[in-house]
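Remarks on the structure that follows.
Numbering (the numbering used here), first residue to last: 91 to 711.
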């Protein structure tokens with residue numbers, strides 16, 4: 091008898107009697123995936139005691155046609171066994187029996203991939219899209235039966251308190267897809283939908299407790315699949331929020347760790363320094379690097395050790411599994427700079443390999459264009475680390491761009507000059523059109539509050555957002571003048587969308603429920619967003635900007651088919667600007683159509699601009 095066959099036979103025989111419940115992660119996989127070397131994590135009470143030391147022939151053991159078991163590995167925690175399987179091109183969809191897991195054998199399914207084999211779906215988002223960011227718990231309650239789930243730790247349900255759950259869910263989002271389409275939205279980005287079974291502050295979703303479970307209080311797997319399908323049926327796309335850096339303390343893999351190397355360990359709680367500079371500072375100390383990379387965010391969010399190959403396998407496989415399972419179009423990656431960046435390159439590449447059209451953009455809440463560009467595809471040639479991340483959430487065009495443009499007096503380096511200067515640094519990005527630009531999100535003050543609820547400034551900001559380069563993202567409720575600051579806490583920028591719950595006094599989803607001021611802003615955004623859908627110059631064209639003078643900033647979006655002129659007056663009084671300075675774009679054009687009111691505006695020697703406004707003109711001959 092072959093010694094390898096004898097050893098494997100002994101293995102099977104020795105644990106055929108194991109009869110305890112087991113869980114396998116991932117629960118299934120697919121044929122035809124480029125990621126075809128899958129590591130199954132098998133968890134069961136003391137399952138490791140049933141597994142002897144095993145030698146495996148180099149070719150492994152055939153489990154089914156085209157499927158081989160290559161390795162069986164025990165770890166320090168006897169509740170885990172890891173199985174490495176290889177799925178060749180010859181493998182067919184069907185069930186594979188892993189006879190050593192239980193008395194009857196455990197059935198592991200290989201499925202056929204979705205139609206399109208990774209290219210007909212997972213379409214990604216581009217500069218042609220308008221992203222709408224939603225916190226599911228705070229948008230709309232479409233199914234009251236899932237407001238509380240028996241057995242889950244957080245049983246709060248109190249809309250009068252920003253810390254507690256409010257009951258919004260995936261069905262509520264699905265119920266309002268037509269509202270979003272009418273507004274001009276083409277893609278949704280949802281704050282995390284993965285299970286977050288912590289004891290408090292579960293409304294935001296950023297402390298995962300089970301990667302392979304969709305949060306039941308927002309509807310679970312069935313509701314998520316229905317939403318994704320409904321979004322796609324409307325011709326829209328969906329982005330999922332990914333968190334690779336950390337989990338919640340109630341996560342199974344933290345509470346019952348396979349071994350001591352899965353999470354960063356400190357003698358006592360040690361918080362990250364949040365100093366992204368140390369990652370590229372040529373003078374940085376190793377001490378500072380360690381603190382930045384390996385410190386925890388908060389005591390309730392353990393930090394993965396992503397140098398551990400099994401951690402890498404778990405996280406990468408979950409990412410791939412999620413895209414194939416639900417058909418999502420891309421990832422927004424939370425706290426990108428705090429991850430092991432080499433691991434992130436590896437994870438990103440795995441996703442690109444199997445889903446070539448997929449979009450990945452990372453949260454890089456940093457300060458300075460060089461800082462931000464370090465974490466995505468850039469044009470630097472003198473640095474050792476080269477990111478393959480497509481783009482970032484562009485905090486620079488917010489904090490050092492549109493925000494000071496509308497809140498600071500104009501000066502040589504102040505006011506709207508900051509916006510001009512920030513965009514002038516786009517030469518560092520491989521593709522600045524992939525950058526996700528925004529006015530606010532779930533972590534920062536709502537822009538309407540930042541500008542002291544000045545609707546003229548607000549319209550100016552949205553005109554910029556919807557005409558500048560990149561992928562625009564708006565935060566739920568911005569279109570109806572929702573306000574809020576992070577003082578005393580971030581819950582105040584995460585208030586409920588009025589009308590999303592039965593019994594709400596006002597329903598802002600309907601025209602009748604909006605005030606005149608709210609409706610005026612809604613109509614303004616709707617007009618701009620829907621014009622954007624048909625504007626090739628804005629969606630995919632080039633940007634030309636002129637240096638600001640006297641508080642006026644003029645830029646053009648253009649291609650071979652269309653030229654759009656945008657003139658931003660950041661003064662509190664009307665101004666008249668001479669047009670000869672812009673001749674290289676205006677030459678031959680005699681007028682422009684005002685995108686908002688459709689009026690024709692003559693373009694002769696000068697142009698008059700209203701106080702605090704952004705005039706958007708489609709040039710006509």
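All C-beta atoms, glycine included, are put in the ideal place defined by N, C-alpha and C.
Pick helix, strand or coil for residue 361, following the three-state DSSP scheme.
Taking the chain shown and counting its residues from 1, one reaches residue 361 at position 271. If DSSP states are grouped into helix, strand and coil, residue 361 belongs with the strands.
With burial defined as no fewer than 16 other Cβ atoms inside 10 Å of the residue's Cβ, what is the status of residue 565: buried or exposed?
To locate residue 565, count along the chain shown from 1; it is residue 475. Flag for residue 565 reads buried.
Output the residue ranges of the beta strand (DSSP E) runs that lie fully inside the segment 192–237 and measure 3 residues or longer, sorted by chain position.
The segment 192–237 contains these whole beta strand (DSSP E) runs: 196–201 and 221–224.
Tell me residue 393's beta-bridge partners as DSSP assigns them.
Here residue 393 refers to the residue found at position 303 when the chain shown is read from its first residue. Paired residues: 336.
Return the first residue and the last residue of the beta strand (DSSP E) that residue 160 is part of.
As a first step, residue 160 is located in the chain shown; it is residue number 70 there, counting from the start. Its beta strand (DSSP E) spans residues 157–164.
Proximity below 8 Å, CB of residue 200 to CB of residue 177:
On the chain shown, position 110 is the one that residue 200 refers to. On the chain shown, position 87 is the one that residue 177 refers to. Result yes, Cβ atoms of residue 200 and residue 177 sit closer than 8 Å.
Could you give the DSSP three-state label for residue 686: helix, strand or coil?
Sequence index remark: in the chain shown, residue 686 carries index 596 (1-based). It is coil, neither helix nor strand.
For my contact list, residue 590 and residue 596 are in at a C-beta cut-off of 8 Å; report their separation, rounded to the angstrom.
As a first step, residue 590 is located in the chain shown; it is residue number 500 there, counting from the start. As a first step, residue 596 is located in the chain shown; it is residue number 506 there, counting from the start. Rounded, the Cβ-Cβ distance is 11 Å, inconsistent with contact.
Which residues mark the beginning and the end of the beta strand (DSSP E) in which residue 174 is found?
The residue labelled residue 174 in the question sits at position 84 within the chain shown. Counting along the chain, the unbroken beta strand (DSSP E) around residue 174 starts and ends at 170–177.
Could you round the C-beta distance between residue 571 and residue 541 to whole angstroms and report it? I think they count as a contact, below 8 Å.
As a working mapping, residue 571 is identified with position 481 in the chain shown. As a working mapping, residue 541 is identified with position 451 in the chain shown. Actually they are not in contact, since the Cβ atoms of residue 571 and residue 541 sit about 11 Å apart, beyond 8 Å.
If residue 241 and residue 259 are in contact, beta carbons under 8 Å, what's the gap, nearest whole angstrom?
As a working note, residue 241 is residue 151 in the chain shown. As a working note, residue 259 is residue 169 in the chain shown. Rounded, the Cβ-Cβ distance is 18 Å, inconsistent with contact.
I need the straight-line Cα distance from residue 276 to residue 265, nearest angstrom please.
If you number the chain shown from 1, residue 276 lands on position 186. If you number the chain shown from 1, residue 265 lands on position 175. Approximately 16 Å between the Cα atoms of the pair.
At the level of alpha carbons, what is the spacing between residue 377 and residue 371?
Sequence index remark: in the chain shown, residue 377 carries index 287 (1-based). Sequence index remark: in the chain shown, residue 371 carries index 281 (1-based). Near 13 Å, if we compare the C-alpha coordinates of residue 371 and residue 377.
Whole-angstrom C-beta distance between residue 445 and residue 413, which should lie under 8 Å
Mapped onto the chain shown, residue 413 falls at position 323. Mapped onto the chain shown, residue 445 falls at position 355. Correct: roughly 6 Å between the Cβ atoms.
Three-state secondary structure (DSSP) of residue 491
Here residue 491 refers to the residue found at position 401 of the chain shown. The answer is helix: DSSP assigns residue 491 an H, G or I state.
Taking the alpha-carbon positions, what's the residue 476 to residue 437 distance?
Numbered from 1 along the chain shown, position 386 holds the residue referred to as residue 476. Numbered from 1 along the chain shown, position 347 holds the residue referred to as residue 437. In a straight line, the C-alpha of residue 476 is about 14 Å away from that of residue 437.
Assess, as a yes-or-no matter, whether the segment 326–345 is touched by the segment 422–433 under the definition of 3 or more beta carbon pairs within less than 8 Å.
yes
Contact defined as beta carbons within less than 8 Å: I believe residue 255 pairs with residue 272. What is the distance between those atoms, to the nearest angstrom?
Stepping through the chain shown from its first residue, residue 255 is reached at position 165. Stepping through the chain shown from its first residue, residue 272 is reached at position 182. Actually they do not touch by this definition, with Cβ atoms about 29 Å apart.
What distance in whole Å lies between the Cβ atoms of residue 394 and residue 401, which are believed to be in contact at a cut-off of 8 Å?
To locate residue 401, count along the chain shown from 1; it is residue 311. To locate residue 394, count along the chain shown from 1; it is residue 304. The pair is a contact, with the Cβ atoms about 5 Å apart (cut-off 8 Å).
Determine, using beta-carbon pairs with one atom in the segment 204–223 and one in the segment 453–465, whether at least three such pairs fall under 8 Å.
no
Taking the continuous alpha helix (DSSP H) assigned at residue 407, which residues delimit it?
Here the question's residue 407 lines up with position 317 in the chain shown. Counting along the chain, the alpha helix (DSSP H) containing residue 407 begins and ends at 399–416.
Could you tell me if residue 399 is buried or exposed, where buried requires 16 or more neighbouring beta carbons within 10 angstroms of its beta carbon?
Taking the chain shown and counting its residues from 1, the one referred to as residue 399 is at position 309. The residue in question, residue 399, is exposed, as its Cβ has fewer than 16 Cβ neighbours within 10 Å.
Compute the distance between the beta-carbons of residue 252 and residue 581, then report whether it is under 8 Å.
Position 162 of the chain shown, counted from the first residue, corresponds to residue 252. Position 491 of the chain shown, counted from the first residue, corresponds to residue 581. In this structure, residue 581 lies closer than 8 Å to residue 252 by Cβ.
In angstroms, rounded to a whole number, what distance separates the CA positions of residue 136 and residue 169?
If you number the chain shown from 1, residue 136 lands on position 46. If you number the chain shown from 1, residue 169 lands on position 79. If you take the alpha carbons of residue 136 and residue 169, they lie about 5 Å apart.
Close Cβ partners of residue 287 (< 8 Å) along its chain, the five nearest in sequence each way excluded
The residue given as residue 287 occupies position 197 in the chain shown. Taking C-beta separations shorter than 8 Å and ignoring five residues to either side along the sequence, the partners of residue 287 in its chain run 242, 243, 244, 299, 300, 338 and 340, following chain order.
Could you tell me the alpha carbon to alpha carbon distance between residue 546 and residue 606, rounded to whole angstroms?
As a working note, residue 546 is residue 456 in the chain shown. As a working note, residue 606 is residue 516 in the chain shown. Residue 546 and residue 606: Cα-Cα distance of roughly 15 Å.
According to the Cβ coordinates, are residue 487 and residue 511 closer than 8 Å?
Residue mapping note: residue 487 aligns to position 397 of the chain shown, counting from 1. Residue mapping note: residue 511 aligns to position 421 of the chain shown, counting from 1. Taking 8 Å as the Cβ cut-off, residue 487 and residue 511 do not qualify as a contacting pair.
Contacts around residue 368, its chain only, beta-carbon distance under 7 Å, and the 5 residues preceding and following it disregarded
Taking the first residue of the chain shown as position 1, residue 368 is located at position 278. Answer for residue 368: 374, 378, 379 and 382, listed in chain order.
Residue from 134, 660, 516 and 361 with nearest C-alpha to residue 196:
On the chain shown, position 106 is the one that residue 196 refers to. Ranking the options by Cα distance to residue 196, first place goes to 134.
Do the CB positions of residue 157 and residue 175 come within less than 8 Å of each other?
The residue you call residue 157 lines up with position 67 of the chain shown. The residue you call residue 175 lines up with position 85 of the chain shown. Contact: yes.
By Cβ distance, which residues of its chain are closer than 6 Å to residue 600, with the 5 residues on each side in sequence left out?
Along the chain shown, read from residue 1 onward, the residue named residue 600 stands at position 510. For residue 600, where only same-chain residues beyond five positions count, there are no Cβ hits under 6 Å.
By DSSP, does residue 382 sit in helix, in strand, or in coil?
Taking the chain shown and counting its residues from 1, one reaches residue 382 at position 292. In the three-state reduction of the DSSP assignment, residue 382 falls in the helix class.
Nearest-angstrom Cβ-Cβ length linking residue 544 and residue 536, presumed shorter than 8 Å
By 1-based counting over the chain shown, the position of residue 544 is 454. By 1-based counting over the chain shown, the position of residue 536 is 446. Not really, about 13 Å apart at Cβ, beyond 8 Å.
Within the segment 443–501, ranges of the alpha helix (DSSP H) (whole runs, at least 4 residues)
459–464 and 493–497
Could you say which of 443, 472, 447 and 484 lies nearest to residue 463 if we only look at CA atoms?
For the purposes of this step, residue 463 is taken as residue 373 along the chain shown, with counting starting at 1. Of 443, 472, 447 and 484, the residue nearest in Cα terms is 484.
Helix, strand or coil for residue 315, going by three-state DSSP, please let me know.
Position 225 of the chain shown, counting from 1, holds the residue named residue 315. In this structure, residue 315 counts as helix in the three-state DSSP scheme.
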